[in-house]
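Visitor:
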Amino acid sequence: MNIIRQSFKRQIFVLTLVITLAMVIISGVLTVQGFQARLESDYAREDKAQELLIRNSLLDMMTKSDEAIDKITEDETLMGAFTLSRENNQVIYAALYEKTAAIRDFASVDLYSNGNCVFSTQTGLTPVTLPKNYSVLKEAKEHHGKTVYGIDLSNSPENAGDLLMAREVLNVLDRGIVVVRIHQDNLKEVVSDGMNSKDGFALVNSHFRAFCEFGTASDGVLLSGIRNNLLRGSLYNDGIRSNIYINDLGNTGLITIYVTPKALDESAIKSGYQIIAIMAIVSVLACLLAANRVSEYFSKPITALAKAMKQFRKGDFDTRIELNRQDEFEQLATGFNKMTTQLKDTMEERVAAERKINETRIAMMQSQLNPHFLYNTLDTIKWVAKANQVPEVATLSSSLAGILRMSISTRQFCTLETELRLVERYCEIQKIRFDDFFDLIINVPEELKDAVVPKLILQPLVENAIIHGLEDRDDGRLYISAESTEGSLEQGASQLLKIYIEDNGKGISDEMIEILEADDPSRLEGHLGLNNVNTIIKLYYGKDYGITANRLEVGGTIMTMILPLSKKEPEND
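Residue numbers (the numbering used here): -19 to 553.
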């Protein structure tokens, strides 16, 4: 598997081969199965039509026979045949032949009185009679005027006797029974007219006792298999390869079983799958040739691209791909060539930029000598002021030195506690400058003081509040507080740090509130402190963070700074 994955050519080759083989096999199997299903559907439709024809023919025989029995039981002359005082046998025979004219082509009629056959339409000197206690005669007496069915096996092999229909005559004093005898040959003739040579047919009662079996069902094996399946609680056709159609024969209580062979036998299906296998082998051989050409055609430009990229990874920015094509691979090669050219130019520009940055850093390091000198000078002024007992000058020098030390530090982040300490120093300077016209109150929970924030982000906001907010007030108040809140998925932080700077001054203007809400840096160009702080926060943390402002109902302004709550510096690429 790894050998295939390591080569695009081999992947195309194997994929083409697998798809072709799969299509041949799937299409072949679906074709055979579809043909088999269609053929079976057509055969089933024809089988059902043949079965219906046979069933209707048999039902017609049964109906005519039942109607003949009705005519006999309704005829007064024939009722005399069942009495002991019967007279004029010729009249009775004439009436009997008249009432049975419709069925004498396929059946004979016997009249039984007290168990003896007294009249019959059978031909021959000695008509076939039933024993007195024969089952069909007993059943006829038990069903009192209802037609029952049986088979005469007294002089015939099993399942080859005549079909018997018997009904007790109820309107005579002496018990009489009318028996219609349908000969097996006549049954076979009716069934054979609608049955093929490979079909089978059986007529059974509700207990699946056979009254007749013809064709492939004549050996009794089929009926035995169906009976055993039903006794086991299985489907009646379980384990039987033939098509079986079982239906009731009208209201007679009899059941017809019609059997036909499968539309396609196993040998035909096996031959179909053998053809599919041969087609698959031929397709594989043809596909081997085609897939090799296709994989070669598609893999050649990929190989050239892979080789060029390998050279490019080694630092050869002058490598190029030359393809004589007019498709997407040519576009890919052109794009690669442009990319290497642009990267080469970019690398050269980057080297030049790095050289310029290094020169700038050297200049900045040299320029830091003056701030350090200024810091040392301020420290000297502080100690001289203390020595000469001038505390205001000492405070100014000490606070300014602390602010200067933070500003020239190379660290870009500090703790919130350090930032608040710097604000306190800045306010000490402003109090001396403006004669203590405001008070500073800081209320920040201890657990938030070690939060990491960008340095020098509070001082510009405090300065803005003092210069613009507390102007013309002698009782000014600055209140700085902080809290942590839950973050959101859009902000990308689970906890937020919110820092509030509140003053009781004249309040921020609607224009400034609208500018901050619009988040347009170009409109903050005249407000350097706010612009710098807002820009620094968004550069470090993203556009979902920054500064908002609101005017208080009681007067004054509250500035809200929103940052992600973190105890470590952010990773900045």
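We put the CB at the ideal spot given by N, CA and C, even for glycine.
These numbers come from a predicted model, not from an experiment.
If I'm right that Val205 touches Gly195 with Cβ under 8 Å, what's the distance once you round it to whole angstroms?
Guide: The question names Val, but residue 205 in the sequence shown is Gly. Actually they are not in contact, since the Cβ atoms of Gly205 and Gly195 sit about 16 Å apart, beyond 8 Å.
Visitor: Go to Thr101, then tell me how far its alpha helix (DSSP H) extends in each direction, as first and last residue.
Guide: Taken as a continuous stretch (DSSP letters only), Thr101 belongs to no alpha helix (DSSP H), as it is neither H nor E.
Visitor: Please list the segments of the beta strand (DSSP E) lying wholly inside the segment 478 to 545, counting only runs of 3 or more residues, in order along the chain.
Guide: Entirely contained in the segment 478 to 545, the beta strand (DSSP E) runs reaching 3 residues are, in chain order, 526 to 531 and 537 to 544.
Visitor: Quick one: residues in its chain with C-beta nearer than 8 Å to the C-beta of Leu(-3), no 5 flanking neighbours on either side, listed in chain order?
Guide: Excluding positions up to five away in sequence, the list reads Val264, Cys267, Leu268 and Ala271.
Visitor: Considering just the uninterrupted stretch of the alpha helix (DSSP H) at Tyr77, what are its terminal residues?
Guide: Here the alpha helix (DSSP H) through Tyr77 covers Asn69 to Lys79.
Visitor: Quick check: the segment 26 to 38 against the segment 228 to 245, are there 3 or more CB pairs under 8 Å?
Guide: Touching, yes.
Visitor: Give me the Cα-Cα distance between Ile(-8) and Leu285, rounded to the nearest whole angstrom.
Guide: When rounded, the distance between both Cα atoms is 17 Å.
Visitor: Check each candidate in Met145, Ser177 and Arg155 and name the one with the smallest Cα separation from Phe191.
Guide: The shortest Cα separation from Phe191 among Met145, Ser177 and Arg155 belongs to Met145.
Visitor: Please give the ranges of any beta strand (DSSP E) in the segment 255 to 323, keeping only runs that are unbroken, at least 3 residues long and fully inside the region.
Guide: With a minimum length of 3 residues, no continuous beta strand (DSSP E) run stays inside the segment 255 to 323.
Visitor: Compare the C-alpha of His448 against each of Ser464, Asp419, Glu466 and Lys486 and name the closest.
Guide: Among Ser464, Asp419, Glu466 and Lys486, the Cα nearest to that of His448 belongs to Lys486.
Visitor: For Asn484, which residues from the same chain have a beta carbon less than 7 Å from its beta carbon, with the 5 sequence-adjacent residues on both sides left out?
Guide: Gly456, Arg457, Gly535 and Gly536.
Visitor: Between Ile517 and Tyr525, how many whole angstroms is the CB-CB distance? I'm expecting something under 8 Å.
Guide: The pair is a contact, with the Cβ atoms about 5 Å apart (cut-off 8 Å).
Visitor: At the level of alpha carbons, what is the spacing between Gln13 and Lys44?
Guide: So the alpha carbons of these two residues sit roughly 46 Å apart.
Visitor: Quick test of your reading: Ala243 and Tyr73, contact by CB under 8 Å. State the CB separation rounded to the nearest angstrom.
Guide: The Cβ separation is near 53 Å, so there is no contact.
Visitor: Would you kindly report the start and end of the unbroken beta strand (DSSP E) that includes Met145?
Guide: Its beta strand (DSSP E) spans residues Asp142 to Val149.
Visitor: Is the segment 86 to 95 in contact with the segment 159 to 172, if contact means three or more CB pairs nearer than 8 Å?
Guide: With the cut-off at 8 Å, the segment 86 to 95 and the segment 159 to 172 touch.
Visitor: Classify Tyr77: buried if its beta carbon has 16 or more other beta carbons within 10 angstroms, exposed otherwise.
Guide: Exposed, because fewer than 16 other Cβ atoms sit within 10 Å of the Cβ of Tyr77.
Visitor: According to DSSP, is Ala48 part of a helix, a strand, or is it coil?
Guide: The answer is helix: DSSP assigns Ala48 an H, G or I state.
Visitor: Per DSSP, what kind of secondary structure is Arg330 in: helix, strand or coil?
Guide: The answer is helix: DSSP assigns Arg330 an H, G or I state.
Visitor: Just verifying my parser: in three-state terms, what is the DSSP assignment at Leu380?
Guide: Note: Leu380 maps to helix in three-state DSSP.
Visitor: Using three-state DSSP, classify Glu463 as helix, strand or coil.
Guide: DSSP places Glu463 in strand when its eight states are reduced to three.
Visitor: Using only CA atoms, which one of Ile538, Met492, Tyr253 and Lys280 lies nearest to Gly8?
Guide: With distances taken between Cα atoms, Gly8 lies closest to Tyr253.
Visitor: In chain order, which beta strand (DSSP E) runs of at least 3 residues are fully inside the segment 395 to 477?
Guide: Qualifying beta strand (DSSP E) stretches, in chain order: 418 to 423, 432 to 434 and 456 to 466.
Visitor: Looking at the structure shown, is Arg391 part of a helix, part of a strand, or coil, going by DSSP?
Guide: Coil at Arg391, not helix or strand.
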